[in-house]
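Peer 1: Residue numbers (our numbering), protein chains in the order written: chain D, 1 to 189; chain S, 190 to 381.
All C-beta atoms in this analysis are idealised placements derived from N, C-alpha and C, irrespective of residue type, glycine included.
Structure in structure tokens, see below.
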Amino acid sequence: MDELDPRLRGVADELRRPVEPDPAAVRRLRAAVRAAAEGPAWRRWLRWTLRPRPVSLSPAGVLAVLVATAAITALGTARLAPRGAEGGPPAVAAAHAPGTRPVRFVLVLPGAHSVHLVGDFNDWSPGATPLADGGEDGVWSVTLPLADGRYAYSFLVDGARWTPDPQAPPAPGDDFGRPSSVLFVEGST
Amino acid sequence: MRAAAGCTGVETPDAVLVQRARDGDAASFDAIVDRYYGDCLRYAARMLGNRADAEEAVQDAFLRAYRSMGRYDHRDRLRGWLFRILVNRCRSLAEQRLRRRRVLERFREAEPPAAETWPEEPGDGPPEAVRAALAALPPDQREAFLLKHVEELSYEEMAELTGTGVSALKMRVKRACDRLRVLLMEVEHGRA
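So, in structure tokens, the structure goes:
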């Protein structure tokens with residue numbers, strides 16, 4: 001059963017020929033492994049801050065640090081007090097899931113009634129990711145947290161019109177001649 | 190890339206590279222990449238049919254392998270272990286591409302689309318007839334044929350990395366061969 005006839009042996013020989021690696025792709029892989037080894041940015045920062053290191057300060061330097069600390073504490077207390085009194089929440093910087101980075105997709109298309117994003121990140125589900133209303137200037141956008149990787153995607157205009165991103169390179173693949181776009185996300189870990 | 194690793198005539202054993210990589214030696218994981226990237230890229234390119242998807246699958250497989258180094262059992266062969274991860278990544282990516290294709294078909298516009306093209310590989314790719322016939326195989330048969338007759342794994346190794354029984358794999362390979370013969374004849378006949 002394992003023996004191949006000459007025709008299929010020729011096919012197997014053709015398929016066995018090596019595929020030359022693209023040095024840029026290998027570099028990307030090595031960089032991704034290095035990034036994975038180092039962990040996410042917050043962990044690298046934490047490691048850096050916790051690493052013991054010798055510090056030398058002159059008496060004047062010590063005095064300057066103490067004065068600065070006292071001043072910052074006083075200012076912080078003064079500014080936080082009114083907000084606490086109003087009962088409002090503290091301002092929080094926009095957060096995203098660990099290992100991802102926010103990516104904003106934009107399509108300028110005045111006159112469209114709806115724009116959705118379809119791609120590898122939402123299983124090409126047509127209604128899953130609507131873009132925010134373009135308004136009069138026709139700027140449609142949505143921001144997604146994406147992990148490192150390569151993503152093919154496209155816009156779906158008015159529920160029917162397949163529209164690649166004019167700002168991004170086309171994605172190769174079986175697209176029936178209707179190209180999608182491709183996006184590389186790097187450095188989120 | 191594989192030749193480069195062995196150019197000194199003394200190749201560091203896989204188990205040693207894995208242990209060093211586990212201990213945080215990035216150069217050892219680079220050596221693993223150098224040793225197996227080419228094999229992995231060939232399998233992924235033949236399975237997925239285009240270089241960009243293949244590179245993505247291989248990168249993802251190596252990253253997953255790196256993150257799972259702690260679970261690597263030294264009794265496993267490293268190439269087989271990497272292929273087990275890669276085969277799964279290729280399956281996932283192929284499913285993703287299939288979903289994209291279905292969505293595209295749903296939203297196909299009234300005018301006829303441009304002819305479907307098999308993505309180009311750099312000059313060293315297999316002939317078009319071979320690529321077209323391989324692409325026309327059902328994915329499970331293509332996977333079985335490639336693992337058996339291109340990557341030259343034993344049925345036992347294939348069973349271990351695909352999670353499919355030996356008898357079923359033999360049947361898939363046989364069907365793949367039968368289908369390939371027919372497809373190649375059709376392609377060649379169509380050209381005559």
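(1) Taking CB distances under 8 Å as the criterion, tell me whether residue 123 (chain D) reaches chain S.
(2) What is the DSSP secondary structure of residue 157 (chain D), counted as helix, strand or coil?
(3) Pairing CB atoms from the stretch 148-162 of chain D with CB atoms from the stretch 284-298 of chain S, are three or more of them under 8 Å?
(4) Quick one: grab the DSSP three-state call for residue 91 (chain D).
(5) According to DSSP, which residues form a beta bridge with residue 147 (chain D)?
(6) Can you tell me the Cβ-Cβ gap for residue 243 (chain S) and residue 254 (chain S), rounded? I've got them flagged as a contact below 8 Å.
(7) Does the count of Cβ pairs from the stretch 140-148 of chain D and the stretch 99-106 of chain D closer than 8 Å reach three?
(8) Does DSSP classify residue 119 (chain D) as helix, strand or coil?
(9) Residue 170 (chain D) to residue 286 (chain S), Cα distance in whole Å?
(10) Distance check for residue 62 (chain D) and residue 281 (chain S), CA to CA, integer angstroms please.
(11) Mind checking the stretch 243-259 of chain S against chain D and listing, in chain order, the residues whose C-beta falls within less than 9 Å of any C-beta there?
(12) Which residues of chain S have a Cβ atom closer than 8 Å to the Cβ of residue 14 (chain D), listed in chain order?
(13) Among the residues of its own chain, which have a CB less than 7 Å from the CB of residue 32 (chain D), if the five just before and after it don't count?
(14) Can you name, in chain order, every residue of its own chain whose Cβ lies under 7 Å from the Cβ of residue 139 (chain D), other than the five neighbours on each side?
(15) Mind checking the stretch 108-120 of chain D against chain S and listing, in chain order, the residues whose C-beta falls within less than 9 Å of any C-beta there?
(16) Among the residues of its own chain, which have a CB less than 8 Å from the CB of residue 339 (chain S), if the five just before and after it don't count?
(17) What are the residues that DSSP puts in a beta bridge with residue 107 (chain D)?
(18) For a contact defined as C-beta to C-beta under 7 Å, what are the partners of residue 137 (chain D) on chain S?
(19) For chain S, is any of its Cβ atoms less than 8 Å away from the one on residue 22 (chain D)?
Peer 2: Per the coordinate set shown:
(1) With 8 Å as the cut-off, residue 123 (chain D) counts as an interface residue toward chain S.
(2) Residue 157 (chain D) falls in the strand class under three-state DSSP.
(3) Contact between the stretch 148-162 of chain D and the stretch 284-298 of chain S is present, with at least three C-beta pairs closer than 8 Å.
(4) For residue 91 (chain D), the predicted structure reports a pLDDT of 34, less than 50, and the residue's modelled location is therefore unreliable. A value from the coordinates is still provided. Reduced to three states, the DSSP call for residue 91 (chain D) is coil.
(5) Residue pairing from DSSP places residue 147 (chain D) in a beta bridge opposite D:100.
(6) Between residue 254 (chain S) and residue 243 (chain S) the Cβ distance is about 16 Å, and since that is not below 8 Å, they are no contact.
(7) Touching, yes.
(8) Residue 119 (chain D): strand per DSSP, three-state reduction.
(9) So the two alpha carbons sit approximately 15 Å from each other.
(10) Distance between residue 281 (chain S) and residue 62 (chain D), taken at the CA atoms: about 59 Å.
(11) Here the close residues are 243, 244, 245, 247, 248, 249, 251, 252, 255 and 256.
(12) Residue 14 (chain D) reaches chain S at 315, 316 and 319, counting residues in chain order whose Cβ is nearer than 8 Å.
(13) The residues 148, in chain order, have a CB closer than 7 Å to that of residue 32 (chain D) in the same chain once the five nearest residues on each side in sequence are set aside.
(14) Counting only residues of its own chain and dropping the five nearest sequence neighbours on each side, residue 139 (chain D) has a CB closer than 7 Å to the CB of 106 and 108.
(15) Answer in chain order: 118, 119 and 120.
(16) Here the set comprises 231, 232 and 235.
(17) Note: residue 107 (chain D) is bridge-paired with D:140 in the DSSP secondary-structure output.
(18) Taking a Cβ-Cβ threshold of 7 Å, none of the residues of chain S is close to residue 137 (chain D); the smallest such distance is about 26 Å.
(19) Contact with chain S is found for residue 22 (chain D), since one of that chain's Cβ atoms lies less than 8 Å from the residue's Cβ.
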